[in-house]
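Which chain is which? The protein sequence lines are E and C, in order.
Residue 184 in UniProt numbering sits at position 184 of the first sequence, and the numbers go up by one each step.
Residue 186 in UniProt numbering sits at position 186 of the second sequence, and the numbers go up by one each step.
All residues carry an ideal CB built from backbone N, CA and C; glycine is no exception.
Protein chains: 2
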Amino acid sequence: MIREKLDNFYSYVFEKELLDEIEQVGVYKKLRENELLVDLGDQMKGVPLLLDGAIKIVREDKKGEEILLYFLEKGDTCASSFASAISNGKCGIRAIAEKESEIIFLPKEKLDEWLVKYKSWRNFVIDSYNIRLNEMMETIDTLAFMRMDERLYKYLTDKAQIMRETSLNTTHQDIAYDMHTSRVVISRLLKQLENEGKIKLHRNKIEILEF
Amino acid sequence: MIREKLDNFYSYVFEKELLDEIEQVGVYKKLRENELLVDLGDQMKGVPLLLDGAIKIVREDKKGEEILLYFLEKGDTCASSFASAISNGKCGIRAIAEKESEIIFLPKEKLDEWLVKYKSWRNFVIDSYNIRLNEMMETIDTLAFMRMDERLYKYLTDKAQIMRETSLNTTHQDIAYDMHTSRVVISRLLKQLENEGKIKLHRNKIEILEF
DNA sequence: TAGTTCCTGTAACATTTGTTACAGAGTAGC
DNA sequence: GCTACTCTGTAACAAATGTTACAGGAACTA
Numbered sequence: 001m002i003r004e005k006l007d008n009f010y011s012y013v014f015e016k017e018l019l020d021e022i023e024q025v026g027v028y029k030k031l032r033e034n035e036l037l038v039d040l041g042d043q044m045k046g047v048p049l050l051l052d053g054a055i056k057i058v059r060e061d062k063k064g065e066e067i068l069l070y071f072l073e074k075g076d077t078c079a080s081s082f083a084s085a086i087s088n089g090k091c092g093i094r095a096i097a098e099k100e101s102e103i104i105f106l107p108k109e110k111l112d113e114w115l116v117k118y119k120s121w122r123n124f125v126i127d128s129y130n131i132r133l134n135e136m137m138e139t140i141d142t143l144a145f146m147r148m149d150e151r152l153y154k155y156l157t158d159k160a161q162i163m164r165e166t167s168l169n170t171t172h173q174d175i176a177y178d179m180h181t182s183r184v185v186i187s188r189l190l191k192q193l194e195n196e197g198k199i200k201l202h203r204n205k206i207e208i209l210e211f
Numbered sequence: 001m002i003r004e005k006l007d008n009f010y011s012y013v014f015e016k017e018l019l020d021e022i023e024q025v026g027v028y029k030k031l032r033e034n035e036l037l038v039d040l041g042d043q044m045k046g047v048p049l050l051l052d053g054a055i056k057i058v059r060e061d062k063k064g065e066e067i068l069l070y071f072l073e074k075g076d077t078c079a080s081s082f083a084s085a086i087s088n089g090k091c092g093i094r095a096i097a098e099k100e101s102e103i104i105f106l107p108k109e110k111l112d113e114w115l116v117k118y119k120s121w122r123n124f125v126i127d128s129y130n131i132r133l134n135e136m137m138e139t140i141d142t143l144a145f146m147r148m149d150e151r152l153y154k155y156l157t158d159k160a161q162i163m164r165e166t167s168l169n170t171t172h173q174d175i176a177y178d179m180h181t182s183r184v185v186i187s188r189l190l191k192q193l194e195n196e197g198k199i200k201l202h203r204n205k206i207e208i209l210e211f
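Structure below.
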């Protein structure tokens, strides 16, 4: 069953021999919605490959203030974990399942070994880092160049896409946490977006009318 | 002469055999102050190893608005170039020599080959990515959690450290470009920092009194 | 020396974002 | 039903940041 899911997304990415090895040493895990996968300061013992679901990656500073960095989807891995695992360093982020998700955990002992053995693994690791770097740059663009109303609309449409829904079950307060602002600001801007006809507001739910 | 500079910073990082190879295939280049090393959209033919100097990495969006991402110092390499070189993709940043700098350019053909051959190269590449990811996170922290006056003070002290000077030769307008704000805002906040006794303002020069 | 350009300081004002306070609607438990 | 709690909407105000306009000093050129 694991092999089936693995093949589903990774058969075009990895060589058969590598898939065999992953099947042998990888540990399958199912995550409940809102389950914590990685916490700030964790020392990773391996890296997760995401088979299905969506995982939210959040940054937190010393004062406990949070901001959403990006989401992981199936086929992604967490570059930050990779970093932490291979260098025995600490992880600077928090990862939370945004909905029920499935992962395979790869033990860190194999990570370097596979870099030598499999070209597809090297490509995957380098690609993952690149995707993450680009994702971070997009986050920086958003923070540096966009106003709060634009950021909010982007947040809503991005998240809808990741969740594969046109409605989001969330509260204004939750959004405020992700965007590191206050609930009142979010309520104000959501109402504005509703007046522009882009969304429709309900209790605990936001319907997106325009993408 | 190149070998000497290479050994200077990289003899503890790379195996002797790798240093030999780098010496053979690497192309030494000297950069003048303000020389453009990488431009937005460039397709990199290799990666630069920084031997000496300081390089500013800047992000630019479609509308031509800029923001400083971070600085590279000796011993660093540009992860974004690595990404671009190995995957034949485009580079999302601009790199400018902040002062006279020296680099060695490594041709992209070797990058993957060395990953297989040298453990020290694998470590270096992974470390570089990690450093860059962390640098990006720090930039995000700065943008998301700090007010403009704090960001400005951090900018000044960070830059002084990179340049190994206690005074910066720069104008308010240049700072405004790096921080993606307006000259008037910077002048206002600089004056405030001067009143707090942290800096002293001159024409084209800012003296930092307190680190 | 006069003319010109660049850099800095500052005022006045506009806009955006953050804060506090409170009212009312919806929901869950009893 | 009643009660307690959560979520949303909104007003009024405060603070931070951005914009426009202009004046004067410094530096360079002729």
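Among E:Ile199, E:Glu100, E:Asp127 and E:Thr77, whose alpha-carbon lies nearest the alpha-carbon of Lys154 (chain E)? Sorting E:Ile199, E:Glu100, E:Asp127 and E:Thr77 by C-alpha distance to the C-alpha of Lys154 (chain E) places E:Ile199 at the top.
Distance cutoff 8 Å, beta carbons only. Does Val47 (chain C) sit that close to anything in chain E? No, Val47 (chain C) lies away from the interface with chain E (no Cβ there is under 8 Å from its Cβ).
What are the residues in the segment 43-72 of chain E lying within 8 Å of chain C by C-beta distance? Within the segment 43-72 of chain E, Arg59, Asp61, Lys63, Glu65, Ile67 and Leu69 place their CB atoms closer than 8 Å to a CB of chain C, listed in sequence order.
Which full runs of the alpha helix (DSSP H) of 4+ residues lie inside the segment 28-95 of chain E, going along the chain? Within the segment 28-95 of chain E, the runs of alpha helix (DSSP H) that reach at least 4 residues and sit entirely inside it are, in chain order, 79-87.
Would you identify the three-state DSSP class for Leu143 (chain E), choosing helix, strand or coil? Residue state for Leu143 (chain E) is assigned as helix, using DSSP reduced to three classes.
With DSSP run on the structure shown, which of helix, strand or coil describes Leu111 (chain C)? Here Leu111 (chain C) sits in helix by DSSP.
Measuring only between beta-carbons, confirm whether Ala83 (chain C) sits less than 8 Å from chain E. Ala83 (chain C) counts as touching chain E.
Residue range of the unbroken alpha helix (DSSP H) whose run includes Leu152 (chain E): Met148 to Met163 is the span of the alpha helix (DSSP H), which, as asked, contains Leu152 (chain E).
Report the partner residues of Val102 (chain E) according to the DSSP bridge assignment. The question names Val, but residue 102 (chain E) in the sequence shown is Glu. In the DSSP output, where bridge partners are listed per residue, Glu102 (chain E) has E:Lys30 and E:Asp52.
Which whole-angstrom value is the C-beta distance of Phe82 (chain C) and Val47 (chain C), which I expect to be below 8 Å? Yes, Phe82 (chain C) and Val47 (chain C) are in contact; Cβ-Cβ is about 5 Å, under 8 Å.
Cβ pair count under 8 Å reaching 3, the segment 139-152 of chain C against the segment 136-144 of chain E: Yes, since at least three Cβ pairs between the segment 139-152 of chain C and the segment 136-144 of chain E fall closer than 8 Å, the two stretches touch.
Tell me the DSSP bridge mates of Ile206 (chain E)? Partner(s): E:Leu168 and E:Leu201.
Against chain E, with Cβ distances strictly below 8 Å, would Met137 (chain C) count as a contact? Answer yes: the Cβ-Cβ gap between Met137 (chain C) and chain E drops below 8 Å somewhere.
Does Gly92 (chain C) pass the burial test, meaning 16 or more other C-beta atoms within 10 Å, or should it be called exposed? It counts as buried.
Spell out a yes or no on whether the segment 155-175 of chain C and the segment 185-193 of chain C are touching, meaning 3 or more CB-CB pairs, one atom from each, closer than 8 Å. Flag = yes, the segment 155-175 of chain C and the segment 185-193 of chain C touch.
Give the DSSP bridge partners of Ala97 (chain C), in chain order. For Ala97 (chain C), which the question treats as bridged, DSSP gives the partners C:Ile55.
Taking only the alpha-carbon atoms, compute the straight-line gap between Ala144 (chain E) and Leu72 (chain E) and give it to the nearest angstrom. Taking the straight line from one Cα to the other gives about 22 Å.
Nearest to Ser187 (chain E) (by Cα), restricted to the options E:Val27, E:Ile22, E:His172 and E:Ser80: Per the Cα distances, E:His172.
Under the rule that 16 or more other beta-carbon atoms within 10 Å means buried, what is Ser80 (chain E), buried or exposed? Buried, since its Cβ has 16 or more Cβ neighbours within 10 Å.
Just curious, the alpha helix (DSSP H) that Phe9 (chain C) is in, first and last residue? Here the alpha helix (DSSP H) through Phe9 (chain C) covers Ile2 to Tyr10.
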